[in-house]
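Below is one structure; the comments refer to it alone.
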Amino acid sequence: MKVPKRLQPLVDDGLVDEVLYQLMSGKEAQVYVVRCAGQLRCAKVFKEAQKRSFKQAVEYQEGRKVRNSRRARAMSRKTKYGQKEQEDAWLNAEVDALYRLAGAGVRVPEPFGFVDGVLLMELVADSNGEAAPRLDDVTLTPEQARDYHGQVIADVVRMLCAGLVHGDLSEFNVLVDPAGPVIIDLPQAVDAAGNNNAERMFQRDVDNMRRYFGRFAPELLKTDYAGEIWALYEAGKLHPASKLTGQFVRDEKIADVNEVMEVIAAATEEERERLERQQDADED
């Protein structure tokens, strides 16, 4: 096929030998199957910011660290330079997540490099060497559903132990190769400890998997792995080999509003006194 404009520099530099065909076009990227040194791989070409339908929502960016202080200031001020840096940080998020998760033993495509907005990575293939189907495109037996669900939950645990939450996990972001599920599409991965939305996103990710696999194995609909896993994580007891039951009793106790307001008032008073002390010290 004709080489897409965004892939031409990689062809010119010898990183890609041949562009074979377009595999898919999604909300934030187009994916091509390419040949590199005799191996079939994927080239994920991220769309320009104004052409993406998936926006860089603040809830996803919260907690992402920027090592360079100049870049961080520019990003916070929304300058032209800052917007470019923010865009680069967004694009690099998937690359960083892939390397991090691959190192943690999570089944994700192996990354091979990121050049000019193009991510080269493993082509997840079926038994015939063709691109593997999405989970949504396969029909499962109850036994397969239970097995695949267990594999996904194990990977979700490994991800959380590595400090990340997928943030957009569904049957459309999981491929199925001969060994089972492979998790893909990670540009929106969030920092589990640094993002206030992480717990909600984690619950949504796991619930999406429960609902999907529950179509084939209805008993999975009665499980609550999300609550169980997050409780272990918050208690500092979660590790990749944690034994899970899928059962969790949520605390339905209604919060004491008066007690909460008293805590807020005390904190407010403490902060006021701190500011007064600081002002007195400055005047001295």
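Note that the sequence shown covers residues 73 to 356 in our numbering.
Glycine included, each C-beta is placed from N, C-alpha and C at the ideal position.
Item to complete: Count the other C-beta atoms from every protein chain shown that fall within 10 angstroms of the C-beta of residue 238, then say buried if there are 16 or more, exposed otherwise.
Response: Against the sequence shown, residue 238 aligns to sequence position 166. When all chains shown are included, residue 238 counts as buried.
Worksheet entry | Segment contact flag, the stretch 181-190 with the stretch 226-244, C-beta cutoff 8 Å, min 3 pairs | Segments in contact, no.
Item to complete: To the nearest angstrom, report how far apart residue 234 and residue 220 are at their CA atoms.
Response: Stepping through the sequence shown from its first residue, residue 234 is reached at position 162. Stepping through the sequence shown from its first residue, residue 220 is reached at position 148. Their Cα atoms are separated by approximately 21 Å.
Practice prompt. With a cut-off of 8 Å on the beta carbons, I'd call residue 288 and residue 212 a contact; round off their distance for me.
Written response: Working through the sequence shown from its first residue, we reach residue 288 at position 216. Working through the sequence shown from its first residue, we reach residue 212 at position 140. That pair is a contact at about 4 Å.
Worksheet item: Around the C-beta of residue 281, are 16 or more other C-beta atoms found within 10 angstroms, so that it is buried, or is it exposed?
Response: Sequence index remark: in the sequence shown, residue 281 carries index 209 (1-based). Residue burial annotation: residue 281 is buried, with at least 16 other C-beta atoms found within 10 angstroms of its C-beta.
Worksheet item: DSSP puts residue 186 in a beta bridge; with which residues?
Response: On the sequence shown, position 114 is the one that residue 186 refers to. Partner(s): 191.
Worksheet item: How many whole angstroms separate the CB atoms of residue 278 and residue 230, which I take to be in contact at a CB cut-off of 8 Å?
Response: Your numbering for residue 278 matches position 206 in the sequence shown. Your numbering for residue 230 matches position 158 in the sequence shown. That belief does not hold up - the Cβ atoms of residue 278 and residue 230 are roughly 13 Å apart, past 8 Å.
Item to complete: Less than 8 Å between the CB atoms is what I'm expecting for residue 106 and residue 88, so what's the real figure, rounded?
Response: Locating residue 106 in the sequence shown gives position 34, counting from the first residue. Locating residue 88 in the sequence shown gives position 16, counting from the first residue. The C-beta separation of residue 106 from residue 88 comes to about 5 Å, placing the pair in contact by the 8 Å criterion.
Discussion item. DSSP has residue 96 in a bridge; who is on the other side?
Written reply: On the sequence shown, position 24 is the one that residue 96 refers to. The partner list for residue 96 (beta bridge, DSSP) reads 103.
Item to complete: May I ask you to report which of helix, strand or coil DSSP gives residue 279?
Response: Position 207 of the sequence shown, counted from the first residue, corresponds to residue 279. Here residue 279 sits in helix by DSSP.
Worksheet item: In the DSSP assignment, what are the bridge partners of residue 315?
Response: Here residue 315 is taken as the residue at index 243 of the sequence shown, counted from 1. According to DSSP, residue 315 bridges with nothing at all.
Worksheet item: Hey, would you say residue 297 sits closer than 8 Å to residue 318, going by beta carbons?
Response: Walking along the sequence shown from the start, residue 297 turns up at place 225. Walking along the sequence shown from the start, residue 318 turns up at place 246. Against a cut-off of 8 Å, the Cβ pair of residue 318 and residue 297 comes out as a contact.
Worksheet item: Cβ atoms of residue 190 and residue 79: under 8 Å apart, would you say?
Response: Along the sequence shown, read from residue 1 onward, the residue named residue 79 stands at position 7. Along the sequence shown, read from residue 1 onward, the residue named residue 190 stands at position 118. It is a contact, given that the beta carbons lie within the stated cut-off.
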